[in-house]
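K.L.:
Please find one structure pasted underneath; my questions will follow.
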Amino acid sequence: MTEPDVTVVVAVYNTMPYLTECLNSLVGQSIGTERLQVIAVDDGSTDDSGRELDRFAERYPGTVTVIHQENSGGPAAPSNRALDLATGRFVYFIGSDDYLGEEALERMVACADANESDVVIGKMVGTNGRYVHQKLYSGDRTDISLYDSELPYTLANTKLFRRELVEKHGLRFPEDLPVGSDQPFTIEACVRARKISVLSDYTYYYAVKRGDESNITYRADHLARLRCTARIMEHTAGLVPAGPERDAVLKRHFDWELSKLLKKDFTALDPDTRRQVCEGIGALVEAYFTDALRDGTGVKRRVRFGLALRGAVEELTRAIADETEHGAPPFLLEGDRAFALYPGFRDAGVGLDERWYEAHETVAGRLAAGTKLESAEWEQDGEELTLALKLRLGIAGDTSSAYVALAQGAMPESADKPGARKLSKGARRPEALGTFTAVPAGDGTGTLLDARVPVEAVRAKRGVRVYVDVAGSTYEIPVRTEGLPMPLARRWGRTTPHRVAATPNTKGRLVITTAPLWEPKPGVGARLRRTLSRSKRK
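Its first residue numbered 1, the sequence shown is counted upward by one per residue in full-length UniProt numbering.
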């Protein structure tokens, strides 16, 4: 057999029936079986995976090679064994429960040859609910860097690697990492590559989430994932000197792997495991969480990392539990600074500097979630009609800038998800209408805002919104009805009778609609003028 263009490595453990589709997608590649070598290593499967591999090896004897071995506990050992036997100019790794687009290998090899690329990354998508980060695939790029692209968020080994690069640097997978063993391999390959290319014009790889969620990533416990992440970060630190480039790679591990260890399931761990997780994350924060990374991380994650750094297990547990049950805590406004009131804030016993609690990012979603309507009713004095609102804002401290206004039209589409938006500098905002009184909530967790907004006798449909300044920026927050009963529609005005209604729109946001009770039908005035004109001529 002549040297194949690409060797595909498949580490297999109990992946039937997904394995069949994976293998069919390989032998059916447009590159042709004569240019392809498939090395599949059965890592002690107890289902029919081994027999299915042997069936393909018998059917494609010049292309598919199968090795059977005792279970090693992860994909690293079988992948290393396959690498030792690989003869292709390039090597490609695929999960045995995933599959490729028909032209995937042909396209990637052509790209590597045309651009002299050492690593080629084809667009990857998730199926059956599998999440795959997509920002890397914004377009075809022939030369990207690990340090100034989205590549750190796509570190799986499901890429085309030039085998000369792999063998020159002795790249292999650490066999003692049950989770993430592909990351050290991928990171080092990308650090040492002359050129890295991205192809987004075609779906190259389909990543499958198994129906029983038996993918190894979903089965590892907190301490196993922590140990693996620590090893990956240490390996990266040994390759990339401290500075912005190392930060660019390690930011991924703080944003993803470590953040996932501090979600709501953390509170369900036994006390000793919580302590160990806290200590382990704290050590990584101390070693690698630079000031630049701290300031570029959202306040929610930053506070959790800070509490881990201080060994404040009780406060960390409470911060996660409170936010899970009640949502984000309120903000304390002090001039142009905004602090999230998580446990441990200005607590001498915790000793975490207040800068860890300061919000630097946009806080639209938090402001929207913390703004709640408590009541709405009409108040009428003669010809004047007012909508009296009681609102609770998730803001403490200086709320003198807060007011309610009626805004014409819908919120921009970009604001639909967070339910609020940060106004750009110089953007016009409606002027405050009516009277406003803001007092601290009795429990110290926010501000109660009483607003009386006059209703005009015009035809209009206007959204009720709160405007407030936070950390030097102005935010527009639509008022959500939260399922509260709304005041009944009513008629008012003697001179020009109008009807007014306060109702939720399709997104549950409070809208006031006003319209005249009677209007002449279109064309009535013109017909009346014609009738009078004819009468005069007679």
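The beta-carbon is built from N, C-alpha and C at its ideal position, and this holds for glycine as well.
1) Decide if Glu257 is buried, meaning its Cβ has at least 16 other Cβ atoms within 10 Å, or exposed.
2) With distances taken between CB atoms, is the gap from Phe305 to Phe254 smaller than 9 Å?
3) Identify, in the order they occur along the chain, each residue of the same chain with its Cβ nearer than 7 Å to the Cβ of Asp47, setting aside the five sequence neighbours on each side.
4) Output needed for Thr386: all residues of its chain with C-beta closer than 6 Å, excluding positions within five of it in sequence on either side, in chain order.
5) Quick one: what does DSSP say Ile477 is sitting in, helix, strand or coil?
6) What is the residue span of the beta strand (DSSP E) that Gly282 lies within?
7) Looking at the unbroken alpha helix (DSSP H) that takes in Met124, where does it start and where does it end?
8) Could you tell me the distance, in whole angstroms, from the CA atom of Arg107 to the CA atom of Tyr205?
9) Could you give the uninterrupted runs of the beta strand (DSSP E) lying entirely in the stretch 41-112, keeping only those of 3 residues or more?
10) On the three-pair Cβ rule with 8 Å, is the stretch 340-356 touching the stretch 322-332?
11) Got a sec, what are the start and stop residues for the alpha helix (DSSP H) Phe185 sits in?
12) Does the stretch 124-135 touch the stretch 77-89, meaning 3 or more C-beta pairs lie closer than 8 Å?
13) For Glu103, which residues from the same chain have a beta carbon less than 7 Å from its beta carbon, with the 5 sequence-adjacent residues on both sides left out?
14) Flag this pair as yes or no: are the beta carbons of Glu383 and Gly493 separated by less than 9 Å?
15) Classify Ala230 as helix, strand or coil using the three-state DSSP reduction.
16) Starting from the C-beta of Glu164, find all residues in its chain whose C-beta is less than 6 Å away, skip the five residues before and the five after it, and write them out in chain order.
17) Between Gly442, Thr514, Arg192 and Gly365, which lies nearest to Gly397 when the distance is taken from Cα to Cα?
18) Going by the CB atoms, is the gap between Val12 and Asp43 shorter than 9 Å?
19) Can you tell me the Cβ-Cβ gap for Ile196 and Ile144, rounded? I've got them flagged as a contact below 8 Å.
20) Between the stretch 65-79 and the stretch 117-124, do three or more beta carbon pairs fall short of 8 Å?
21) Which value, in whole angstroms, describes the spacing of the CA atoms of Asp469 and Ala432?
22) Are the CB atoms of Arg465 and Ala388 within a distance shorter than 9 Å?
23) By the three-class DSSP mapping on this structure, what secondary structure does residue 598 have?
24) Which same chain residues, not among the five before or five after Val511, have their C-beta less than 8 Å away from its C-beta?
25) Run through DSSP, which three-state label would Leu387 get?
26) Take Pro78 and list the residues in its own chain whose beta-carbon comes closer than 6 Å to its own, dropping the five residues that flank it on each side.
27) Does the distance from the CB of Glu374 to the CB of Arg392 come in under 9 Å?
28) From what residue to what residue does the beta strand (DSSP E) around Glu334 run?
29) May I ask which residues mark the beginning and end of the beta strand (DSSP E) holding His498?
30) Out of curiosity, what's the CA-to-CA distance linking Thr63 and Ala156?
31) Run through DSSP, which three-state label would Ser492 get?
32) For Glu167, which option in Asp148, Ala189 and Leu151 has the closest C-alpha, if you only look at C-alpha atoms?
33) So, with DSSP's three-state summary, where would you put Val240?
34) Our contact map puts Asp5 next to Val109 with C-beta atoms below 8 Å; I'd like the distance itself, whole angstroms only.
35) Helix, strand or coil: which one does DSSP assign to Arg141?
36) So, for Arg459: in the same chain, excluding its five sequence neighbours on each side, which residues have a beta-carbon less than 7 Å away from its beta-carbon?
P.N.:
Concretely, from the data shown:
1) buried
2) yes
3) Asn14 and Met16
4) Glu379, Arg452 and Pro454
5) Ile477 falls in the strand class under three-state DSSP.
6) Premise fails: Gly282 lies in the alpha helix (DSSP H), Pro271 to Tyr288, not in any beta strand (DSSP E).
7) Careful: Met124 lies outside any alpha helix (DSSP H), inside the beta strand (DSSP E) at Met124 to Thr127.
8) Those two C-alpha atoms are separated by around 12 Å.
9) Within the stretch 41-112, the complete beta strand (DSSP E) runs of at least 3 residues are 64-69 and 90-95.
10) yes
11) Asp182 to Arg192
12) no
13) Ser30 and Tyr202
14) The answer is yes: Cβ separation under 9 Å.
15) helix
16) none
17) Looking at the Cα atoms, Gly442 is the closest of the given residues.
18) For the 9 Å CB-CB criterion, Asp43 and Val12 form a contact.
19) 5 Å
20) no
21) 14 Å
22) no
23) With the chain represented from 1 up to 538, any question about residue 598 goes unanswered, as that position is not in the structure.
24) Lys461, Arg462, Gly463, Val464, Ala502, Thr503, Pro504 and Asn505
25) strand
26) Contacts found: Ala11, Val41 and Asp43.
27) yes
28) It spans Phe331 to Glu334 - the beta strand (DSSP E) in which Glu334 sits, taken as one unbroken run.
29) His498 to Pro504
30) 25 Å
31) According to the sequence displayed, residue 492 carries Trp and not Ser. Three-state result, Trp492: strand.
32) Ala189
33) coil
34) 5 Å
35) strand
36) Thr514, Ala515 and Pro516
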